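One structure is given here, and the rest of the page talks about it.
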Amino acid sequence: MKNSLILDKNYLSYWLRQLRKKMSLIAPVRAGNTDIVFKTVENIHEIELDCPASMPSPKGLLFPQKEDMFKFSKEEINIVRDNTRRLIFGVRSCDMSAVALLDKFFSKDFVDGYYMSRRENTIFISIVCNNPDPTCFCVGLGTGPFLKSGFDIQLTDIGDRYMVETDSKEGAALIKEYHYLFSKAKRSDYEDQYETILSSQTRFEKRINLENARQKILSERISDAFWEWVSKKCFECGGCVYECPLCACFNVLDRCDSEGNGIRFRIWDTCMFKGFTKMAGNICPAEKKGTRIKRWYFHKLIYYPEQFGKFGCVGCGRCTITCPGRIDMATIAHRIDIGNRRRR
Amino acid sequence: MKIKDIYLPLDAEIVEVTDMTPDIKLFKVKPERQFQYKPGQFIMASLWGKGEVPISITSTYGIHEYIELCIRRTGYVTSALHLLKPSIKIGIRGPFGNIFPITNARGKDILFVAGGLGLAPLRPLITQVMNEKKTFKRIALICGSRDPREILFKDDIDSWQKKGLQLILGVRKGLQLLLTIGKKDKSLQGKVSLDKEYLNKPKISFTNAYAFVCGPPIMINPTMNTLSTMGMDANNIFTSLEAHMKCGVGKCGHCYIDGKYVCTDGPVFSFAEIKKYGFY
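Residue numbers (numbering that gives the first Met the number 0), protein chains in the order written: chain S, 0 to 343; chain E, 0 to 279.
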């Protein structure tokens, strides 16, 4: 943090224009009049930074909803790989933390080549959230609104200028090349940044303590009846899984024509669907809706901390926006936590 | 950085196909490259244009020349596999998963319980145990199936018996009942005791034995439960679980059960683990 730089807001579009010449620039853009989506930017002025969280999350840029894995014919099999150089601008801190966790997940034990080849060719510029949404709760999880590490380049909006920090070689290279746009940060800039972060942290409406919820689940004080009760409100739409920046379950399918040419592709899948675990012979280990919801929460609250030391939730609040039954992570974790206190 | 593709199957030529029962076939496949594996591991059998299925390896590395796969025709991919003839190439990925912890069982009695196709994943383990018989005490196999004709690997069972394996075959009514346990049958308890009739038969000391149970999911839990009530340590009862899998490497999430991936943390689990994670 010692070597932070300052970028004048007027220089930002010039900088992005120059970078766009080398790689494709992807940034949050308003689709129609409502949702914010990440897509390749045509016009730099379209980029929306002061806006609600993008729906869907940017995980689809690294792990697309449908992704070809192999093209095959009778004679040969070709591996499909996406090696496009990309710059993703304007991701939120929570999504950046999610990407860092996905990196660990996809390279643990076995390295997933599809994800990693995309990841290695992608540079992220993340933005500190000055105005968190009412659904956000990253502040309690350490995944936002400001990151100390795990990003390529991080920008903090401090009025008429950006505070610029780098945490990777690739990120530093992007700045070094255009060093004339940046100036060294002064003491007053650090103070402004600190103040911005503090004011942002006070704006969070939700305070969710996932650690309390985890402890309570681990002490086995949450009965199956609770999950049954939760399941009564579940529509099985799978929205929470699709919008979650960390859910990475997929299905693999083959499609081919009569001559034997075809593709093997993977496609997002969700554990909320009944057929997700169904085996040959009609055996279904997670037949009950309550079991499936319990699994989802256990994966995020128990499995992730065990394996990676972090929760499988970054507090982006997308499930809160999506869930029609109001049984999203924030609500359920809060309920588990608060229920505990009442009983005492 | 060049990344080895974990999803790319290795070509393997089918050498021989044998009909075991009307719906079970034994495939002998010869992989393109050397392919080392251990008892308890599985592979993903892949058919371009159809899909992939997890199949346990039923041969022993170093004893059998080819990889042997015992496949029942149940789903989309297995039906397609059943139509294949020798010299056609399929794909295999693996081997994946952990192995049966047989080294800890040295110097103890060993009980195998196989139900139907459950003998397939146990076969490499039994072969290994029978070949190193001196390091173990008494060895028994309870082999159950719905129909006398459906007993698999009869030649192997004969050769194991010659080497001193106690064999208990349950093919008539009793086992039929055993296999219906769990089909949402409310009168479950009476049948578990029937089950016990068979489990009582082998002459081994249950308190100082290791058990390896394989079979349909509806059989595994009652059997392990009974063994545990008969005095066997829950940490010494092992099974090989099955699950829907798409990747075999802990990414696709289909086999995830309350904190464990069956493909990378399993498929071999002890009864203690199964109880702890609430698999059934």
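All residues carry an ideal CB built from backbone N, CA and C; glycine is no exception. Remember, predicted model here, so these are calculated numbers, not experimental data.
Contact between E:V212 and E:I203 does not hold, since the beta-carbon distance rounds to 14 Å and is not under 8 Å. In the three-state DSSP reduction, S:P51 falls in the coil class, being neither helix nor strand.
Among the residues of chain E, those whose CB is under 7 Å from the CB of S:M68 are Y6, following chain order. Our two residues, S:K65 and S:G112, have alpha carbons roughly 15 Å apart in a direct line.
Here S:K205 is actually not in contact with S:G324; their C-beta atoms are around 18 Å apart, not less than 8 Å.
S:E47 has its alpha-carbon roughly 54 Å from the corresponding atom of E:I56.
Rounded to the nearest angstrom, the gap between the Cα atoms of S:S199 and S:R91 is 13 Å. By the Cβ criterion, the segment 51-64 of chain S is in contact with the segment 21-37 of chain S, since at least three pairs of Cβ atoms, one from each stretch, lie closer than 8 Å. Our two residues, S:F225 and S:D151, have alpha carbons roughly 42 Å apart in a direct line. For S:Q214, the uninterrupted alpha helix (DSSP H) run begins and ends at 209-217, by DSSP. Between the alpha carbons of E:C246 and S:D191 lies a distance of about 49 Å.
8 Å or more divides the Cβ of S:F105 from the Cβ of E:G249. By the 16-neighbour rule on beta-carbons within 10 angstroms, E:Q40 is buried. At a cut-off of 8 Å between beta-carbon atoms, E:D264 makes no contact with chain S. Taking C-alpha positions only, S:R29 is separated from S:C243 by approximately 20 Å. The Cβ of E:A242 sits closer than 8 Å to at least one Cβ of chain S. The count of Cβ pairs closer than 8 Å, one atom from the segment 141-157 of chain E and one from the segment 6-26 of chain E, reaches three, so the stretches are in contact.
Between E:E272 and chain S, the shortest Cβ-Cβ separation is not below 8 Å. Under the Cβ distance rule, E:Y36 does not count among the residues neighbouring chain S, no pair being separated by less than 8 Å.
Fewer than three Cβ pairs drawn from the segment 279-289 of chain S and the segment 77-93 of chain S lie within less than 8 Å of each other, which leaves the two stretches out of contact. E:T59 sits in coil when the DSSP states are folded into three classes, being neither helix nor strand. Using a CB distance cut-off of 8 Å, E:E51 counts as an interface residue toward chain S. Within the DSSP secondary-structure output, S:L6 pairs in a beta bridge with S:Y161, S:F181. Beta-carbon to beta-carbon, S:G170 and S:I221 are separated by about 42 Å, too far to satisfy the 8 Å threshold. Around the beta carbon of S:E176, a 10 Å sphere encloses fewer than 16 other beta carbons of the protein chains shown; the residue is thus reported as exposed.
With a threshold of 16 other beta carbon atoms within 10 Å, E:P53 meets it and is buried. Using a Cβ-Cβ cut-off of 8 Å, S:D253 counts as an interface residue toward chain E, since at least one Cβ of chain E sits closer than that to its own. The secondary-structure analysis by DSSP pairs E:A113 across a beta bridge with E:C142, E:C213. Taking the C-beta atoms as reference points, E:A271 is found no nearer than 8 Å to E:L110.
E:V267 is positioned such that its CB atom lies no closer than 8 Å to that of E:A242.
Counting the other CB atoms within 10 Å of its CB gives S:H333 a total of 16 or more, which places it among the buried residues. For S:E45, the CB contacts under 6 Å within the same chain, skipping 5 residues up- and downstream, are V28 in chain order. Contact check between the segment 298-309 of chain S and the segment 206-215 of chain S: three or more CB pairs, one atom from each, fall below 8 Å, which counts as touching. Under the Cβ criterion of 8 Å, E:P94 is not counted among the residues facing chain S.
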